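Position in the sequence shown counted from 1, then plus 30, gives you our numbering.
All C-beta atoms, glycine included, are put in the ideal place defined by N, C-alpha and C.
Every value quoted in this text rests on a predicted model; they were computed, and no experiment measured them.
A short write-up of the structure that comes next.
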Amino acid sequence: MNAFQALGLNEQLVQAITDLGFENPTPIQEQAIPVLLSGTTDFVGLAQTGTGKTAAFGLPLLHLIDPAQRHPQALIVCPTRELCLQITNDLMIFMKHTKGVYTEAVYGGTSIMMQIKNLRKGVHIVIATPGRLIDLIERKAIDLQKVKYVVLDEADEMLNMGFRDDIDFVLKNTINRESIWLFSATMPPEVRAIAKNFMENPKEITVGKKNSGNANIDHQFMTVAAHQRYEALKRVIDFNPGMYGIIFTRTKLDAQDIAEKLTREGYEIEALHGDLTQQQRDKVMGRFRQKHLQLLIATDVAARGIDVDGITHVINYELPDDIEVYTHRSGRTARAGKTGICLSICHSRETFKIKQLERMVNSQFHKIDVPSGKEVCRKQFFHFMDKLMSADVSNGDYETYMPDLQEKFKDITKEEILQRVASLEFDHFLKYYENAQDLNTNMRAPAMDGNFTPRDNDSRKERSNFNQRDNGYTRLFINLGTKDGFYKANFLQFILDESNLKKRSAWQS
Ligand code: AMP
Numbered sequence: 031m032n033a034f035q036a037l038g039l040n041e042q043l044v045q046a047i048t049d050l051g052f053e054n055p056t057p058i059q060e061q062a063i064p065v066l067l068s069g070t071t072d073f074v075g076l077a078q079t080g081t082g083k084t085a086a087f088g089l090p091l092l093h094l095i096d097p098a099q100r101h102p103q104a105l106i107v108c109p110t111r112e113l114c115l116q117i118t119n120d121l122m123i124f125m126k127h128t129k130g131v132y133t134e135a136v137y138g139g140t141s142i143m144m145q146i147k148n149l150r151k152g153v154h155i156v157i158a159t160p161g162r163l164i165d166l167i168e169r170k171a172i173d174l175q176k177v178k179y180v181v182l183d184e185a186d187e188m189l190n191m192g193f194r195d196d197i198d199f200v201l202k203n204t205i206n207r208e209s210i211w212l213f214s215a216t217m218p219p220e221v222r223a224i225a226k227n228f229m230e231n232p233k234e235i236t237v238g239k240k241n242s243g244n245a246n247i248d249h250q251f252m253t254v255a256a257h258q259r260y261e262a263l264k265r266v267i268d269f270n271p272g273m274y275g276i277i278f279t280r281t282k283l284d285a286q287d288i289a290e291k292l293t294r295e296g297y298e299i300e301a302l303h304g305d306l307t308q309q310q311r312d313k314v315m316g317r318f319r320q321k322h323l324q325l326l327i328a329t330d331v332a333a334r335g336i337d338v339d340g341i342t343h344v345i346n347y348e349l350p351d352d353i354e355v356y357t358h359r360s361g362r363t364a365r366a367g368k369t370g371i372c373l374s375i376c377h378s379r380e381t382f383k384i385k386q387l388e389r390m391v392n393s394q395f396h397k398i399d400v401p402s403g404k405e406v407c408r409k410q411f412f413h414f415m416d417k418l419m420s421a422d423v424s425n426g427d428y429e430t431y432m433p434d435l436q437e438k439f440k441d442i443t444k445e446e447i448l449q450r451v452a453s454l455e456f457d458h459f460l461k462y463y464e465n466a467q468d469l470n471t472n473m474r475a476p477a478m479d480g481n482f483t484p485r486d487n488d489s490r491k492e493r494s495n496f497n498q499r500d501n502g503y504t505r506l507f508i509n510l511g512t513k514d515g516f517y518k519a520n521f522l523q524f525i526l527d528e529s530n531l532k533k534r535s536a537w538q539s
């Protein structure tokens, strides 16, 4: 018997999963599906994105829907338009052999009239973002009276985004429901409160450890002076020519600036941030998904709900203020059983944050060196040579040129040809990295390929000077103390009041 059949799913769904090539259920599917198929059990699933949670709730939901009852029987609420569309798309795929079940995705940033029209035709499953859903409820354009199943996907994200009241409102407006299925990557007190206030004896399932990261993610960090972050980022990109990655920044301005700079320098990158129109966002995401773009640079808000398979690297240009955001960032890689790297470019004074992150994701972080200019050039060089060796020459009529070419190259050796090809391709790299300085602000650590790299005297000198020349921080001397009635807390408050610095309480131990 097929493993999905054994979980109790109907034939049509099993057929669709087989067509998809899913052979075995993922751990969350294995544990959630039998519980959810009962239809009446409240459920809390602690699972990151990438664990197969969409199928974990989507398949039992489709199994339970009665096509003959043409009104909303299930409501899926999720934080973003992207996730909304993605869930809808996944459901369509799972419904390949299921007849007569209709879904409607409702989200902001697009015409509400069209959505209202589609809802009126009669749909079984509504997939919604909270804001648009409330709008539809207030316009009485959606009837939630007969909703049996409410799914809250990425509940922690929705609460982070300030949708708490909206979720309460939705739950209060689905009084005839039979169960709530809540999925969340983390379990902050606000999520716990939803379970406490609205659920009855929920069955709780955790995939991996609570609040822990995915074991397939290799968490790495490097330490550089704050003003060298951009240069370090470039080295990382150049050192990983096959990278397909997302770079996270804290601000829109940084995302925009870095994308512009890198584009000018010839990298395939675009920024995703809140100032883009929905159309622009869709275009960027489309290009990234199709791998026409190698790199995406995003703010946390803009990247919510992004689900792209095969991301090799997540790079934190800076660590996030909120440590839980780290889990969301790193969860964009190592999806569906693949491995991935989450690399943070840190300032040496941020290493205490690494300790907190290690505790949170329950995994050791690996310190790596920013690769030297020489290492980058070598890596690029061999990457190019590998490409040269694997180039497919079967499509062109190259044979016809051979006699002339052989004549042209008759006095030149293979080594010389290789050198010339290399010089054409690499002169700009070699020039750029000719006098590249060591960007590390720490003692020796293994390089990205695991080898130790020797350092020269200059770089050591530079490291010893970094405290003075690091312009990312300002040192203040204040000649007041407790005798003057000046305590640490007053002082911190004074600085926070007088500046627009945000309190980073999440990081304070
Ligand atoms: P999700 O966590 O729902 O975003 O799923 C992450 C990825 O895993 C998606 O690309 C799914 O298509 C894939 N996936 C889900 N379930 C399975 C499975 N049982 N076997 C293989 N791939 C799966």
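Task: Simplified DSSP assignment, three categories, for residue 225 - done: helix
- [ ] Pick out the complete beta strand (DSSP E) segments inside the region 396-472, 3 residues or longer, and give them in chain order.
- [x] When DSSP assignments are scanned along the region 396-472, no uninterrupted stretch of beta strand (DSSP E) that is 3 or more residues long falls wholly within it.
TODO: Tell me where the beta strand (DSSP E) around residue 346 begins and ends.
DONE: 343-346
- [ ] Specify whether the region 86-103 and the region 370-385 touch according to this definition: at least 3 beta carbon pairs, one from each stretch, less than 8 Å apart.
- [x] no
Task: Option nearest residue 306 by Cα separation, candidates 324, 286 and 290 - done: 286
Open item on the list: Using 8 Å as the cut-off, can you tell me whether the region 59-75 makes contact with the region 112-129, which would need three or more C-beta pairs spanning the two stretches below that distance?
Closed with: By the Cβ rule, the region 59-75 does not count as touching the region 112-129, because fewer than three pairs are nearer than 8 Å.
Task: beta-carbon residue 342 near ligand 1 non-hydrogen atom, thresh 6 Å - done: no
Task: 7 Å Cβ cutoff met for residue 212 and residue 74 - done: yes
Task: Through-space distance from residue 140 to residue 295, alpha-carbon basis - done: Just so you know, the alpha carbons of residue 295 and residue 140 end up roughly 35 Å apart.
Task: Beta-carbon spacing of residue 127, residue 46 below 7 Å - done: yes
Open item on the list: At a cut-off of 6 Å, would you count residue 90 as near ligand 1, judging by its Cβ distance to the nearest heavy atom?
Closed with: no
Task: Which listed residue (168, 122, 172 and 160) has its alpha carbon closest to that of residue 145 - done: 172
Task: Assigned exposure category for residue 124 - 16 Cβ within 10 Å defines buried - done: buried
Open item on the list: If you reduce the DSSP assignment to three classes, tell me which class residue 182 lands in.
Closed with: strand
Task: residue 355 in three-state terms, based on DSSP - done: Residue state, collapsed to three classes: helix.
Open item on the list: Checking 7 Å against the spacing of the C-beta atoms, do residue 407 and residue 347 come in under that value?
Closed with: no
Task: Cβ distance (whole Å) where residue 329 is taken to contact residue 304 below 8 Å - done: In this structure residue 329 touches residue 304 by the C-beta definition: roughly 7 Å separates them, less than 8 Å.
Task: Proximity of residue 152 and residue 138 at Cβ, strictly below 7 Å - done: Not a contact, by the Cβ cut-off of 7 Å.
Task: Segment limits, alpha helix (DSSP H) that includes residue 166 - done: 160-168
TODO: Give the straight-line distance between the Cα atoms of residue 278 and residue 135, rounded to the nearest whole angstrom.
DONE: 28 Å
Open item on the list: Which complete alpha helix (DSSP H) runs does the region 280-356 hold, if anything under 4 residues is left out?
Closed with: 282-294, 308-319 and 330-333
Open item on the list: Less than 6 Å between C-beta atoms, sequence neighbours within five positions excluded: which residues of the same chain meet that for residue 298?
Closed with: 323 and 324
TODO: Answer with yes or no whether the minimum CB distance from residue 97 to chain D is below 7 Å.
DONE: The structure shown contains no chain D; it is built from a single protein chain.
Task: Candidates 105, 359, 190 and 451: closest to residue 542 by CA position - done: As shown, the chain starts at 31 and ends at 539. That puts residue 542 outside it, with no answer to give.
Open item on the list: To the nearest angstrom, how far is the alpha carbon of residue 68 from that of residue 179?
Closed with: 11 Å
- [ ] Compute the minimum distance between the beta carbon of residue 85 and the heavy atoms of ligand 1, and state whether it is under 6 Å.
- [x] yes
Open item on the list: Please tell me whether residue 343 and residue 371 are closer than 7 Å, where the distance is taken between their beta carbons.
Closed with: yes
TODO: Please state whether DSSP places residue 86 in a helix, a strand or coil.
DONE: helix
Open item on the list: From the DSSP secondary-structure annotation, give me the bridge partner or partners of residue 233.
Closed with: Residue pairing for residue 233: DSSP places it in a beta bridge opposite 73.
Task: Endpoints, alpha helix (DSSP H) assigned at residue 114 - done: 111-124
Open item on the list: For a quick check, are the C-beta atoms of residue 215 and residue 357 less than 7 Å apart?
Closed with: yes
Task: Contact test: residue 81 Cβ vs ligand 3 heavy atom, cutoff 6 Å - done: As presented, the structure is devoid of ligand 3, carrying ligand 1 as its sole ligands.
Task: beta-carbon residue 334 near ligand 1 non-hydrogen atom, thresh 6 Å - done: Checking the Cβ of residue 334 against ligand 1 gives no.
Open item on the list: Quick check on DSSP: helix, strand or coil for residue 220?
Closed with: helix
TODO: Could you say which of 225, 259 and 351 lies nearest to residue 280 if we only look at CA atoms?
DONE: 351
Task: For residue 48, three-class secondary structure by DSSP - done: Helix.
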